[in-house]
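Participant: Chains as they are written, first to last, in our numbering: chain A, 1253 to 1365; chain B, 349 to 460.
For reference, the structure I am asking about is given below.
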């Protein structure tokens, strides 16, 4: 059973455009929602994370929008650049350790010049 | 530099052989994890350890074994009992009861 559902599986965006990746979860006990960025052949790196006491968090060109009632959260990449081309994973957990971190299936983003 | 070091980066194994993947961290984290990544799938937890000399099975532990003799080290052995071992293996660490995980660069294992 997939605890976190992520879409789309792949995404192609023009340089300068907005990339949007969506995730949904079922377990209302989750209280930590990170996004990881992974380049080919590398390990994932934490990009940005949010907790459910806020509806939005912004760091540079990256924004997480969080809708607690809908149990959904999304990553927006503004002014997308070719260097943003990577696989993005959403995840969710209770703040009890990364052994309880559930990952989405990933979105492969390609930003074309 | 603080971080997690996985070695080797690429590993080839013949069917029926055991192979051990190395993971070392100098972040002073108590908790360490092994994940498996397959194309089109998220990361799946194999084993984790929150303290030296103790470890727990994750979602897909069958065919794998681990040890945690030192805080810095958490090697993973892929045994011949693992039916489909070809995958990208990721080691991670975190503070205990913290969900922010830091990942190594991964080891790509191929069975030939």
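C-beta atoms are modelled at their ideal positions from N, C-alpha and C, and glycine is treated no differently.
#1: Residue 1341 (chain A) touches chain B at which residues, Cβ-Cβ below 8 angstroms?
#2: Beta-carbon within less than 6 angstroms of residue 1315 (chain A)'s beta-carbon, same chain only, minus the 5 sequence neighbours each way: which residues are those?
#3: Compare the C-alpha of residue 1365 (chain A) against each of A:1319, A:1261 and A:1269 and name the closest.
#4: At the level of alpha carbons, what is the spacing between residue 1306 (chain A) and residue 365 (chain B)?
#5: Along chain A, which residues have their Cβ under 7 angstroms away from the Cβ of residue 437 (chain B)?
#6: At which residues does the beta strand (DSSP E) containing residue 459 (chain B) begin and terminate?
#7: So which of A:1282, A:1295 and A:1275 has the shortest CA-CA distance to residue 357 (chain B)?
#8: Using 10 angstroms around the beta-carbon of residue 1357 (chain A), count the other beta-carbons present and answer buried if the total reaches 16, otherwise exposed.
#9: Under the rule that 16 or more other beta-carbon atoms within 10 Å means buried, what is residue 1273 (chain A), buried or exposed?
#10: Taking only beta carbons into account, state which residues of the stretch 1253-1270 of chain A come closer than 9 angstroms to chain B, listed in chain order.
#11: Leaving out five residues before and five after residue 438 (chain B) in sequence, what residues of the same chain have Cβ atoms less than 7 angstroms from its Cβ?
#12: Could you name the residues that DSSP lists as bridge partners for residue 1328 (chain A)?
#13: Since residue 1266 (chain A) is in the beta strand (DSSP E), which residue starts that stretch and which ends it?
#14: How big is the Cα-Cα spacing for residue 1227 (chain A) and residue 456 (chain B)?
#15: Please name the residue or residues paired with residue 1310 (chain A) in a DSSP beta bridge.
#16: Any idea if residue 1352 (chain A) is buried or exposed, counting beta-carbon neighbours within 10 angstroms, 16 or more meaning buried?
#17: Closest by CA to residue 406 (chain B), which one among B:381, B:422 and B:388?
#18: From the DSSP output, which residues share a beta bridge with residue 1254 (chain A)?
#19: Between the Cα of residue 1286 (chain A) and those of A:1360, A:1354 and A:1359, spot the shortest distance and give me the residue it belongs to.
#20: Going by C-alpha distance, which of B:352, B:351, B:353 and B:370 is nearest residue 426 (chain B)?
#21: Pull up the DSSP beta-bridge partners for residue 418 (chain B), would you.
#22: Starting from residue 368 (chain B), trace the beta strand (DSSP E) both ways and give me its first and last residue.
Facilitator: Short version:
#1: As a first step, residue 1341 (chain A) is located in the first chain; it is residue number 89 there, counting from the start. Neighbours of residue 1341 (chain A) on chain B, chain order: 390 and 391.
#2: Within the first chain, the letter at position 63 stands for residue 1315 (chain A). Correct list, in chain order: 1328.
#3: On the first chain, residue 1365 (chain A) is found 113 positions in, with the first residue counted as 1. Ranking A:1319, A:1261 and A:1269 by Cα distance to residue 1365 (chain A) puts A:1269 first.
#4: As a working note, residue 1306 (chain A) is residue 54 in the first chain. As a working note, residue 365 (chain B) is residue 17 in the second chain. If you take the alpha carbons of residue 1306 (chain A) and residue 365 (chain B), they lie about 50 angstroms apart.
#5: Counted from its first residue, the second chain places residue 437 (chain B) at position 89. Chain A residues near residue 437 (chain B): none, gap ~10 angstroms exceeds 7 angstroms.
#6: Residue mapping note: residue 459 (chain B) aligns to position 111 of the second chain, counting from 1. Its beta strand (DSSP E) spans residues 455-459.
#7: Position 9 of the second chain, counting from 1, holds the residue named residue 357 (chain B). That would be A:1295, whose Cα lies nearest to the Cα of residue 357 (chain B).
#8: Walking along the first chain from the start, residue 1357 (chain A) turns up at place 105. Buried is the call here.
#9: Walking along the first chain from the start, residue 1273 (chain A) turns up at place 21. So residue 1273 (chain A) ends up on the buried side.
#10: 1254, 1256, 1258 and 1261
#11: Start at 1 with the first residue of the second chain, and residue 438 (chain B) comes out as number 90. Beyond the five residues adjoining it in sequence on each side, residue 438 (chain B) comes within less than 7 angstroms, by CB distance, of 383, 385, 391, 451, 452 and 454 in the same chain, given in chain order.
#12: Here residue 1328 (chain A) corresponds to residue number 76 of the first chain, with the count starting at 1. Paired residue(s): A:1272 and A:1315.
#13: The residue labelled residue 1266 (chain A) in the question sits at position 14 within the first chain. From DSSP, the beta strand (DSSP E) with residue 1266 (chain A) extends over 1262-1266.
#14: Outside the displayed span of chain A (1253 to 1365) sits residue 1227 (chain A), for which this structure offers no information.
#15: For the purposes of this step, residue 1310 (chain A) is identified with residue 58 of the first chain, where counting begins at 1. Beta-bridge pairing links residue 1310 (chain A) to A:1315.
#16: By 1-based counting over the first chain, the position of residue 1352 (chain A) is 100. Buried, because 16 or more other Cβ atoms sit within 10 Å of the Cβ of residue 1352 (chain A).
#17: Along the second chain, read from residue 1 onward, the residue named residue 406 (chain B) stands at position 58. Selected option, being the one with the closest Cα: B:381.
#18: Here residue 1254 (chain A) refers to the residue found at position 2 of the first chain. Beta-bridge pairing links residue 1254 (chain A) to no other residue.
#19: Counted from its first residue, the first chain places residue 1286 (chain A) at position 34. The residue with the shortest Cα to Cα distance from residue 1286 (chain A) is A:1354.
#20: Translated into the one-based positions of the second chain, residue 426 (chain B) becomes position 78. Considering only alpha carbons, the answer is B:370.
#21: Position 70 of the second chain, counting from 1, holds the residue named residue 418 (chain B). For residue 418 (chain B), which the question treats as bridged, DSSP gives the partners B:421.
#22: Within the second chain, numbered from 1, the residue matching residue 368 (chain B) stands at position 20. Its beta strand (DSSP E) spans residues 367-373.
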